[in-house]
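Worksheet: one structure, shown below.
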Amino acid sequence: MFGSFTERAQRVLYLSQEEARKLGHNFVGTEHILLGLAREGQGVAARA
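Heads up: the sequence shown begins at 517 in our numbering, then just goes up one per residue.
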């Protein structure tokens, strides 16, 4: 589904899905993507 995305973007989306599941949500919203960016470990979101 995310084949045209970079490996890093795919990882962030995967982590975002995990965050949504952990919170009991059946959707991935911007809040989950932000958490995925922070968990991914690289980039500005992880350094903040």
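Ideal Cβ positions, reconstructed from N, Cα and C, are used throughout, including at glycine.
N- and C-terminal bounds of the alpha helix (DSSP H) containing residue i
i, result
"Gly552", "546 to 556"
"Leu529", "523 to 538"
Residue from the options whose Cα sits closest to the Cα of residue i
i, options, result
"Gln558", "Ala525, Ala536, Arg537, Gln533", "Ala525"
"Leu553", "Phe521, Ser532, Ser520", "Ser532"
Sub-9 Å separation of residue i and residue j beta-carbons
i, j, result
"Val544", "Ala536", "yes"
Burial state of residue i, where buried means 16 or more other Cβ atoms lie within 10 Å
i, result
"Leu511", "Since the first residue of the chain shown is 517 and the last is 564, residue 511 is not available in this structure."
"His548", "buried"
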